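In terms of the working numbering, the sequence shown opens at residue 495 and continues consecutively.
Structure record follows, encoded as structure tokens.
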Amino acid sequence: MEILHVSAECYPVAKVGGLGDVVGALPKYQQKLGHIAKVVMPMYRTRFLYENQFEVVHKGSFEMAGYRREYTIIKEHSNKLGFDLYLVDILGVLDREKVYGYDDDTYRFVSFQTAVVDWVSKWQHRPDIIHVHDHHCALIPFMLQYCYAYNFLNTVKTVLTIHNAQYQGWMGWDQ
495 MEILHVSAEC
505 YPVAKVGGLG
515 DVVGALPKYQ
525 QKLGHIAKVV
535 MPMYRTRFLY
545 ENQFEVVHKG
555 SFEMAGYRRE
565 YTIIKEHSNK
575 LGFDLYLVDI
585 LGVLDREKVY
595 GYDDDTYRFV
605 SFQTAVVDWV
615 SKWQHRPDII
625 HVHDHHCALI
635 PFMLQYCYAY
645 NFLNTVKTVL
655 TIHNAQYQGW
665 MGWDQ
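Here you go:
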């Protein structure tokens with residue numbers, strides 16, 4: 495079974511709390527059970543980015559709020575984490591030093607989710623499960639079911655894990 499984890503955090507790449515610990519460990523255990531587990535997360539400007547080698551595996555674009563956004567997917571080259579790690583780069587949106595705490599976090603994470611779904615839609619095969627972690631990725635199951643551009647992916651199973659119900663991703667209607 496192929497499982498794609500989508501998360502805002504993954505230890506040791508970027509970790510703020512327990513979410514990063516879980517996403518950094520769960521794929522390793524799934525691999526030991528014989529599954530193919532991968533992680534995709536935003537590309538932050540962290541030490542991990544500068545201390546490791548990456549290769550570009552995909553370039554794409556999507557339209558959001560009337561603007562075309564280009565994105566790049568890079569893959570960690572050595573596989574030293576024990577699973578494939580992919581980072582999404584959207585210049586000026588995700589490339590920040592901190593994971594959270596910006597005024598445009600809503601826009602950042604919606605852009606991230608859109609790039610991930612667009613990228614997966616270009617795969618020649620489909621993952622068996624897309625496991626999304628917390629509100630930063632929680633639109634993905636909805637997008638697969640109800641966004642016309644991606645509804646051909648609606649047969650992909652999804653799992654949403656809420657790691658901390660205290661963080662709910664509240665935002666204003668104008669966002």
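Glycine residues also receive a C-beta, built at the ideal position from the N, C-alpha and C atoms.
It should be emphasised that the depicted structure is a prediction, and the values quoted were computed from it without experimental measurement.
Rounded to the nearest whole angstrom, the C-alpha separation of Pro506 and Ala643 is 34 Å.
Asp622 is not a Cβ neighbour of Met535, given a cutoff of 8 Å.
In chain order, Lys532, Pro621 and Ile624 place their CB closer than 6 Å to the CB of Leu498, counting only its own chain and leaving out the 5 sequence neighbours on each side.
Tyr538 places its beta carbon 8 Å or farther from that of Ala609.
DSSP places Thr566 outside any alpha helix (DSSP H); the residue lies instead in the beta strand (DSSP E), whose first and last residues are Tyr561 to Glu570.
With at least 16 other beta carbons inside 10 angstroms of its own, Glu503 counts as buried.
Separation of Ala519 and His629 (C-alpha to C-alpha, rounded to the nearest whole angstrom) is 20 Å. Non-local C-beta neighbours of Val650 in its own chain, meaning closer than 7 Å and more than five positions away in sequence, comprise Arg620, Pro621, Ile624 and Leu638, ordered along the chain. By the Cβ neighbour-count rule, Phe636 is exposed, with fewer than 16 other Cβ atoms within 10 Å of its own.
If you keep only unbroken alpha helix (DSSP H) runs of at least 4 residues inside the region 514 to 558, you get 541 to 545. From the listed residues Asn546, Phe603 and Val500, the smallest Cα separation to Asn573 is found for Asn546. Per DSSP, the unbroken beta strand (DSSP E) holding Leu654 starts and ends at Lys651 to Thr655. Counted as a single uninterrupted DSSP element, the stretch harbouring Ile584 is not any beta strand (DSSP E), since DSSP gives it neither H nor E. Contact annotation, Asp612 with Gly554: C-beta distance approximately 5 Å; criterion of less than 8 Å satisfied.
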